[in-house]
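Each remark here refers to the structure printed beneath this line.
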Amino acid sequence: MAKYNLPNEEMKRYEVYSGSNVKQMSKLVADGRVPASVSQIMQRRLNLRNDETGVKTFYMDNYFDTGDAVVYHPNGDVKVVLDSQHLREMTPDTPRNSGALIIGEDVYKALQGEEFKKGKLGKTSDWLSAKEAKAHPVWKTLARDQALLDDYVDYIFAEGKQRFNYDTDMGVFPSSAQGNAPEMRAWFVSRLEGRSGADGRNDLGLDGGRLLGIAPEAPNALGNGTNVRTYTMADVQKFGSAVDRLKEVVNPKLLEDILVMQKKL
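Under the working numbering, the residues of the sequence shown are numbered 31 to 295, in order.
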């Protein structure tokens with residue numbers, strides 16, 4: 031991770047494993063780390079909203095593969111499996127087809143996850159409006175929490191508009207089974223310039239993969255919500271409007287502490 035020129039404290043908590051997912055996952059697990067989920071990537075980006083050290087830029091301007099799986103049945107059904115044990119156990123020797131893990135029918139049936147029947151994934155293969163993203167069934171499943179999804183959508187759309195003049199973002203791009211057996215891939219989260227989409231087409235054997243391994247002691251490493259903020263983008267905007275009104279009637283020097291607090295939100 032040193033090549034990304036990030037602070038040492040960040041590297042201790044969040045290690046990048048670049049390269050083929052089927053090769054890097056075993057290294058990540060052997061190091062005692064867990065692969066970041068889509069939800070954790072979302073939360074990490076939100077937590078760094080006002081970072082000025084360059085760490086925010088790293089997370090916003092890079093894509094990440096995750097430990098959340100998408101499983102395609104030949105009949106067109108799709109399962110979203112969060113924190114997939116099968117992905118954590120994959121190696122270069124795991125049977126694959128077109129870059130996806132091959133799993134049996136019995137395994138598919140036993141997988142615990144959100145199943146979407148054929149044609150029920152919602153709007154796919156296109157960019158979404160903020161309203162569509164907040165209501166999208168796949169994003170709701172991957173985010174695990176509606177408040178987190180709402181906050182993340184507001185943030186991504188604001189950043190995308192400011193930096194790239196995007197009005198639509200966060201598309202969902204699934205694949206399908208390429209053979210006669212169910213197949214598993216990992217969800218991939220795009221960088222901001224790529225409109226922060228959720229992509230389920232990734233080839234697990236490609237060298238361009240990028241997994242984020244989270245140390246067990248890192249905040250929210252196990253997805254237990256310990257690092258989820260109690261305020262949202264709407265709260266921040268409301269606070270900012272209140273401060274602007276105060277500036278009109280109060281001596282600016284008296285607001286110095288409040289302005290410092292505002293920068294930290």
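Yeah, the Cβ is synthetic: ideal placement off N, Cα and C, and Gly gets one too.
Only a predicted model underlies this, so the values are computations on that prediction, with no experimental measurement involved.
Shown here, Pro-167 sits in a helix according to DSSP, grouped into three states. The DSSP-derived three-state label of Asn-80 is coil. Ranked by Cα distance from Ala-216, the first of Pro-104, Asp-81, Leu-158 and His-116 is His-116.
C-alpha of Leu-236 to C-alpha of Gly-129: approximately 8 Å in a straight line. Counting the other CB atoms within 10 Å of its CB gives Gln-73 a total of 16 or more, which places it among the buried residues. In the structure shown, Ile-132 falls within a strand segment according to DSSP collapsed to helix, strand and coil. Assignment of Thr-154 by DSSP, reduced to helix, strand and coil, places it in the coil class. In the DSSP annotation of this structure, Thr-198 is not part of any beta strand (DSSP E), being labelled neither H nor E. Secondary structure at Leu-241: strand, using DSSP grouped into helix, strand and coil. Under the DSSP assignment, Tyr-89 falls in the alpha helix (DSSP H) whose first and last residues are 85 to 90. Three or more Cβ pairs closer than 8 Å define a contact, and the region 182 to 201 falls short of that threshold against the region 101 to 114. For the pair Leu-58 and Leu-179, the Cα-to-Cα distance works out to about 27 Å.
DSSP places Arg-43 in no beta strand (DSSP E) but in the uninterrupted alpha helix (DSSP H) bounded by 38 to 43. In chain order, Ala-245 and Ala-248 place their CB closer than 6 Å to the CB of Arg-43, counting only its own chain and leaving out the 5 sequence neighbours on each side. By the criterion of a C-beta distance shorter than 7 Å, Tyr-196 is surrounded in its chain by Gly-190 and Arg-225, once the five residues flanking it on both sides are discounted. For Arg-118, there is no enclosing beta strand (DSSP E); the residue is found in the alpha helix (DSSP H) stretching over 115 to 119.
If you draw a straight line from the Cα of Glu-135 to the Cα of Pro-125, it is about 15 Å long.
DSSP places Arg-126 within a strand segment (E or B) once states are collapsed to three. Pairing Glu-213 with Tyr-102 gives a Cβ-Cβ distance under 7 Å.
By the C-beta density criterion, Glu-162 is buried, having at least 16 other C-beta atoms within 10 angstroms.
Ser-159 places its beta carbon 7 Å or farther from that of Phe-203. For Lys-53, the uninterrupted alpha helix (DSSP H) run begins and ends at 51 to 60, by DSSP.
Between Asn-127 and Gly-230, the CB-CB gap reaches or exceeds 7 Å. With fewer than 16 other Cβ atoms from the protein chains shown falling within 10 Å of its own Cβ, Pro-122 counts as exposed.
Remark: C-beta atoms of Ala-173 and Ser-67 do not approach each other more closely than 7 Å. Only residues of its own chain outside the window of five on either side were considered, and among them Pro-37 have a CB closer than 8 Å to the CB of Thr-83, listed in chain order. Arg-193 and Asn-80 have their C-alpha atoms spaced approximately 15 Å apart.
Boundaries of the beta strand (DSSP E) harbouring Asp-95: 94 to 102, taken from the DSSP string.
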